[in-house]
Amino acid sequence: MLLRANAKINLALDVLRKREDGYHEVRMIMQTVGMYDRVTLTPLPGETGIRMETSLPYLPANEKNLAWKAASLLMEEFHVEDGLHIRLDKFIPVAAGLAGGSSDAAAALVGVNELFSLGLARNGLMERGAKIGADVPYCILQGTALAEGIGEKLTSLPPMPKSWILISRPNISVSTKQVYGALAADRIKEHPDVDGMIEAIRARSLAGIASRMGNVLESVTIPDNPVIETLKQEMLRGGAMASLMSGSGPTVFGLFSDRDRAEILRDDLRKRYPGVRTFLTWPVNGGGNRI
Numbered sequence: 001m002l003l004r005a006n007a008k009i010n011l012a013l014d015v016l017r018k019r020e021d022g023y024h025e026v027r028m029i030m031q032t033v034g035m036y037d038r039v040t041l042t043p044l045p046g047e048t049g050i051r052m053e054t055s056l057p058y059l060p061a062n063e064k065n066l067a068w069k070a071a072s073l074l075m076e077e078f079h080v081e082d083g084l085h086i087r088l089d090k091f092i093p094v095a096a097g098l099a100g101g102s103s104d105a106a107a108a109l110v111g112v113n114e115l116f117s118l119g120l121a122r123n124g125l126m127e128r129g130a131k132i133g134a135d136v137p138y139c140i141l142q143g144t145a146l147a148e149g150i151g152e153k154l155t156s157l158p159p160m161p162k163s164w165i166l167i168s169r170p171n172i173s174v175s176t177k178q179v180y181g182a183l184a185a186d187r188i189k190e191h192p193d194v195d196g197m198i199e200a201i202r203a204r205s206l207a208g209i210a211s212r213m214g215n216v217l218e219s220v221t222i223p224d225n226p227v228i229e230t231l232k233q234e235m236l237r238g239g240a241m242a243s244l245m246s247g248s249g250p251t252v253f254g255l256f257s258d259r260d261r262a263e264i265l266r267d268d269l270r271k272r273y274p275g276v277r278t279f280l281t282w283p284v285n286g287g288g289n290r291i
């Protein structure tokens with residue numbers, strides 16, 4: 001079984017407060033995009049356990065991989081007797097704020113559920129996905145959505161208008177845990193207009209969406225990684241309606257209404273910033289994980 005594990009971006013990311021349990025209360029607008037990893041699941045009759053291989057030698061191919069964890073969670077709960085082989089072909093940049101690992105886990109949950117006829121509905125998969133990671137339930141839901149709580153409270157929104165999304169991932173590492181740990185949630189002065197963005201999405205106004213894009217985590221990540229701001233400015237000079245860091249970074253994306261402009265800038269950035277991985281993609285409105 002071949003499955004698609006799509007990346008996501010954050011059109012808006014707001015942090016409301018730090019909870020007593022150490023987690024942060026957030027309000028985010030999430031959007032699935034066309035970039036994806038491929039997850040291939042093959043049952044192994046007569047065997048037990050999970051075998052895994054990945055296309056990148058530095059990725060764990062064991063219980064430390066989120067796709068492995070997700071498959072193991074279901075197989076243990078439902079006492080699946082056969083073994084499973086997982087092949088993960090990575091195209092989404094790793095540790096980039098694009099939910100690549102969470103999306104791989106979501107695809108594994110969907111695939112194992114179908115492959116072994118476990119009978120779980122989407123809500124059941126999302127509940128179990130929350131045990132793997134905060135973004136996993138959204139990666140099962142997909143499309144355009146409001147995420148609240150610690151990211152597990154999801155509300156589907158109408159599809160985003162047709163547009164083009166240019167993604168640039170600089171060759172730096174950012175720790176999500178450290179970014180949230182350094183954020184002084186009670187001192188945030190400017191919050192993105194999440195409610196206004198929801199209205200713009202419902203009105204199918206790309207300009208309204210662009211004007212309300214914002215990410216409070218930029219205040220933590222950008223000062224230590226100025227290349228992120230450099231790429232944002234490059235996006236704007238190249239014709240993006242708006243540009244933003246996705247998640248805790250370091251990935252930057254630009255929102256375009258004109259594909260030609262986006263393609264010209266993509267090619268230009270690839271020449272001038274060879275150490276930055278740049279891709280052109282588009283919003284995806286869900287549609288499941290099967291290829």
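Quick note: the sequence shown uses the working numbering, first residue 1, plus one each step.
Cβ atoms here follow ideal geometry from the backbone N, Cα and C, with glycine treated the same way.
Buried versus exposed, by CB contacts within 10 Å (16 or more), residue i
i: Ser156; result: exposed
i: Gln142; result: buried
i: Leu236; result: exposed
i: Ser243; result: buried
i: Ala184; result: exposed
i: Ile264; result: exposed
i: Leu269; result: buried
i: Val94; result: exposed
i: Arg169; result: buried
i: Tyr138; result: buried
i: Pro250; result: buried
i: Asp135; result: buried
i: Glu234; result: buried
i: Ser72; result: buried
i: Asn123; result: exposed
i: Tyr23; result: exposed
i: Glu218; result: buried
i: Lys69; result: buried
DSSP state of residue i mapped onto helix, strand, coil
i: Lys162; result: coil
i: Met235; result: helix
i: Ser102; result: helix
i: Val110; result: helix
i: Met245; result: strand
i: Gly119; result: coil
i: Ala145; result: strand
i: Ile29; result: strand
i: Gly286; result: coil
i: Gly254; result: strand
i: Gly97; result: coil
Best match in the options for proximity to residue i [C-alpha to C-alpha]
i: Arg319; options: Asp186, Arg122 and Asn62; result: Summary: the structure shown does not reach residue 319, with the chain confined to residues 1 through 291, and so no result is reported for it.
i: Met197; options: Ile188, Gly254, Lys189 and Ala210; result: Ala210
i: Phe253; options: Pro274, Arg272 and Glu229; result: Glu229
i: Leu59; options: Pro45, Phe91, Ala71 and Asp82; result: Phe91
i: Asn215; options: Ala7, Ala12 and Lys8; result: Ala12
i: Lys8; options: Arg87, Arg261 and Ala96; result: Ala96
i: Val39; options: Thr48, Ile29, Gly101 and Tyr23; result: Gly101
i: Ile201; options: Ala262, Asn171, Val227 and Pro159; result: Pro159
i: Arg204; options: Asp193, Val174 and Ser163; result: Ser163
i: Arg212; options: Asp193, Lys177, Thr144 and Lys131; result: Asp193
i: Asn6; options: Ala99, Lys189 and Ser246; result: Ala99
The alpha helix (DSSP H) enclosing residue i, as first and last residue numbers
i: Lys131; result: Here Lys131 belongs to no alpha helix (DSSP H), and DSSP marks it neither H nor E.
i: Ile86; result: Premise fails: Ile86 lies in the beta strand (DSSP E), Gly83 to Asp89, not in any alpha helix (DSSP H).
i: Val136; result: Val136 to Leu141
i: Leu21; result: Inspection of the sequence shows that residue 21 is occupied by Asp rather than by Leu. First-last for Asp21: undefined, no H or E at that position.
i: Ile264; result: Arg259 to Arg272
Residue i - containing beta strand (DSSP E), residue span
i: Ala5; result: Leu2 to Lys18
i: Phe279; result: Arg277 to Thr281
Can you check the segment 35-75 for any beta strand (DSSP E) of at least 3 residues that lies completely inside it and give the ranges in chain order? DSSP runs (the beta strand (DSSP E)) wholly in the segment 35-75: 50-54.
Give the list of continuous alpha helix (DSSP H) stretches no shorter than 4 residues that lie fully inside the segment 149-232. Inside the segment 149-232, DSSP marks whole alpha helix (DSSP H) runs of 4 or more residues at positions 176-182, 194-202, 206-211 and 218-224, from first to last along the chain.
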